[in-house]
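K.L.:
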Amino acid sequence: MAIQLAKRLLTIDEYHRMAEAHILTDEDKVELLHGEIIEMSPIGSEHSACVKRLNAFFNQLLVEKAIVSVQDPIQIPSLSEPEPDIALLHPRLNFYADAHPLPKDVFLVIEVADSSLLKDRQVKLPIYASAGIPEYWIINLEQKRVEAYRHPRDNQYLSQTISEIGEKVHLAAFGVDIACDQLLMPS
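In structure tokens:
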């Protein structure tokens, strides 16, 4: 019989204090999920190139309509601070200099998945849904498709669409259809 041990979870404030005290550094490559410090997956060249491609694409598409945030934290009170590959944020003149964005500031979160696909589906999806983030995409590099999740309720999304090369994915917040070819790396 397995013994379930009680865990002591960290708050976002405690996590930040660990960084301020240099217990955690930029070299640690971690994020806070459900009060636990989780190592992020290593970023390969295809993943990195896809993030750069998405950054350039969304900055061109949404000039002055959204801030394109790249691998920056989103605070999900009080036990999670994920760092999605891309987040489209409501515009602010100070570009969130006073505090990290909250779920209410987010139009869309995107995770680029190669080795992180299970974590992005099974761990991050429920976090984003329970926070009320309206739209979550997983750019699935291995299967060359975009998984779009919408209509969060509790810890899940009620709507899921899968779009592949040659098809379009709908960006609900802006009423725009985007060709998957523009989001995925060419073969």
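Residue numbers (this note's numbering): 5 to 191.
Quick reminder that beta carbons are idealized off the backbone N, C-alpha and C, glycines included.
Just so you know, these numbers come straight off a predicted model, no measurement behind them.
(1) Among residues of its own chain, excluding the 5 on either side of Ser73, which ones have a beta-carbon nearer than 6 angstroms to its beta-carbon?
(2) Rounding to the nearest angstrom, what Cα-Cα distance links Ile142 and Asp185 in this structure?
(3) So, are the CB atoms of Arg125 and Glu151 less than 9 angstroms apart?
(4) Please report the distance separating the alpha-carbon of Ile182 from that of Gln8.
(5) So what does DSSP say about Asp181, is it helix, strand or coil?
(6) Can you tell which of Tyr161, Phe178, Gly48, His155 has the C-alpha that lies nearest to the C-alpha of Glu68?
(7) Just verifying my parser: in three-state terms, what is the DSSP assignment at Ile7?
(8) If I measure Cβ to Cβ from Pro95 and keep anything under 8 angstroms in the same chain, skipping five residues before and after, which residues do I get?
(9) Using 8 angstroms for Cβ pairs, my map puts Ala176 next to Pro138. What's the rounded Cβ distance?
(10) Which ranges would you report for the beta strand (DSSP E) in the region 76-159 if only whole runs of at least 3 residues count?
(11) If we call anything under 9 angstroms between Cβ atoms a contact, is Ile169 one with Arg154?
(12) By how many angstroms is the C-alpha of Ile42 removed from the C-alpha of Ala23?
(13) My guess is that Leu189 and Ala53 are in contact by the Cβ rule of under 8 angstroms, so how many angstroms apart are they, rounded?
(14) Cβ of Leu83 within 9 angstroms of Cβ of Leu14?
(15) Just the Cα atoms here: how many angstroms apart are Gln79 and Leu106?
(16) Suppose you measure from the CA of Gln119 to the CA of Lys11; what does that come to, to the nearest Å?
(17) Rounded to whole angstroms, what's the CA-CA distance from Leu37 to Glu85? Just pull it up for me.
(18) Distance check for Ala101 and Thr29, CA to CA, integer angstroms please.
P.N.:
Quick look at the numbers:
(1) Ala91, Leu93.
(2) Approximately 15 angstroms, taken between the alpha carbons.
(3) Closer than 9 angstroms, so yes.
(4) Straight-line Cα distance between these residues: approximately 46 angstroms.
(5) Three-state result, Asp181: strand.
(6) Distances from the alpha-carbon of Glu68 to those of Tyr161, Phe178, Gly48, His155 put Phe178 closest.
(7) Reduced to three states, the DSSP call for Ile7 is coil.
(8) Excluding positions up to five away in sequence, the list reads Glu68, Lys69, Ala70, Ile71.
(9) That belief holds up - the Cβ atoms of Ala176 and Pro138 are roughly 7 angstroms apart, short of 8 angstroms.
(10) As far as the region 76-159 is concerned, its whole beta strand (DSSP E) runs of at least 3 residues are 90-93, 110-117, 139-144, 149-157.
(11) Not closer than 9 angstroms, so no.
(12) Between the alpha carbons of Ala23 and Ile42 lies a distance of about 14 angstroms.
(13) The question names Leu, yet the displayed sequence has Met at residue 189. Indeed, because the Cβ distance is near 6 angstroms, the residues count as touching under 8 angstroms.
(14) Contact flag set, yes.
(15) Across the structure, Gln79 and Leu106 are spaced so that their CA atoms are roughly 5 angstroms apart.
(16) At residue 119 the sequence reads Ser, which differs from the Gln that was named. Near 27 angstroms, if we compare the C-alpha coordinates of Lys11 and Ser119.
(17) C-alpha of Leu37 to C-alpha of Glu85: approximately 6 angstroms in a straight line.
(18) Looking at the two C-alpha atoms, the distance is approximately 20 angstroms.
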